[in-house]
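In terms of my numbering, the sequence shown opens at residue 35 and continues consecutively. We put the beta carbon where it would ideally sit given N, CA and C, even for glycine. On a predicted model such as this, the values are computed, not experimentally measured, just so you know.
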Amino acid sequence: MISTLVAQLRTAWWRLLGMKVGHETWLPKIYVTWPHQVSLGARCQLEPGIYFKFDGIYEPGPSLLIGDNVFIGAGCEFNFRRKIVIGAHSLIASGCRFIDHDHGSAQREVPMSMQPHAVDAPIVLEEDVWLGANVIVLKGTRIARGAIIAAGAVVTSDVATFEIWGGVPARKIGERPGAA
Numbered sequence: 035m036i037s038t039l040v041a042q043l044r045t046a047w048w049r050l051l052g053m054k055v056g057h058e059t060w061l062p063k064i065y066v067t068w069p070h071q072v073s074l075g076a077r078c079q080l081e082p083g084i085y086f087k088f089d090g091i092y093e094p095g096p097s098l099l100i101g102d103n104v105f106i107g108a109g110c111e112f113n114f115r116r117k118i119v120i121g122a123h124s125l126i127a128s129g130c131r132f133i134d135h136d137h138g139s140a141q142r143e144v145p146m147s148m149q150p151h152a153v154d155a156p157i158v159l160e161e162d163v164w165l166g167a168n169v170i171v172l173k174g175t176r177i178a179r180g181a182i183i184a185a186g187a188v189v190t191s192d193v194a195t196f197e198i199w200g201g202v203p204a205r206k207i208g209e210r211p212g213a214a
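In structure tokens, the structure reads:
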């Protein structure tokens, strides 16, 4: 009862700061750098310790769009400069990372910490995607509807509908049963 009240108060606080939070989505302790850049759908379930880090050039409207009925496990990180879209009914296990940009390294005479971000490109997870624990999804990737990514995989390229991928870098290892 008390924990529900605390979650409701925390959700109201994030809404006041500009985060869009859908109906029946209650927020645990999370970290958000720019609340107005985050939009959470209805009936999402988030576990504690999630980090939403917007590190980009401001454009109107949210840059992180999470659909309805999405589960996000503890300790996930969304590090975005451009855009990350998570489709409805997706499952994201604990420790997953989403990074939609690279750091510059082209100039040898300039320390990498002083170079600008080189490339950024959106990340899209379509509806009903399941990511196992500690998956890393990198810039410019699209994971199609119904796909499964095995724990510990690093996704660097597009994943087709109902495919199962795993490994570093991730590659196709199968298809979901019943998929045509």
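Check: So, is Glu58 buried or exposed, given that buried needs 16 or more other C-beta atoms within 10 angstroms?
Finding: Counting other Cβ atoms within 10 Å of its Cβ, Glu58 stays below 16 and is therefore classed as exposed.
Item checked: Continuous beta strand (DSSP E) stretch holding Asn113: start and end -> It spans Glu111 to Phe114 - the beta strand (DSSP E) in which Asn113 sits, taken as one unbroken run.
Note to self: Tell me which residue opens and which closes the beta strand (DSSP E) that Lys206 is part of.
What the structure shows: Boundaries of the beta strand (DSSP E) around Lys206: Arg205 to Glu209.
Next item on the list: Express the C-alpha separation of Gly212 and Arg115 in angstroms, rounding to a whole number.
Entry: Approximately 37 Å, taken between the alpha carbons.
Note to self: Measuring only the C-alpha atoms, how far is Ala76 from Pro145?
What the structure shows: Spanning the two alpha carbons is a distance of roughly 44 Å.
Checklist line | Cα-Cα separation, Gly109 to Asp192 | finding: Just so you know, the alpha carbons of Gly109 and Asp192 end up roughly 24 Å apart.
Next item on the list: Return the CA-CA distance between Ser128 and Gly201, expressed in angstroms with no decimal places.
Entry: So the two alpha carbons sit approximately 17 Å from each other.
Check: Nearest CA to the CA of Lys173: which residue from Gly121, His135, Ser147 and Met148?
Finding: It is His135.
Checklist line | His123 to Gln141 span [Cα, whole Å] | finding: If you draw a straight line from the Cα of His123 to the Cα of Gln141, it is about 43 Å long.
Notebook entry, point to check: So, helix, strand or coil for Trp48, using DSSP?
Noted result: Three-state DSSP puts Trp48 in a helix.
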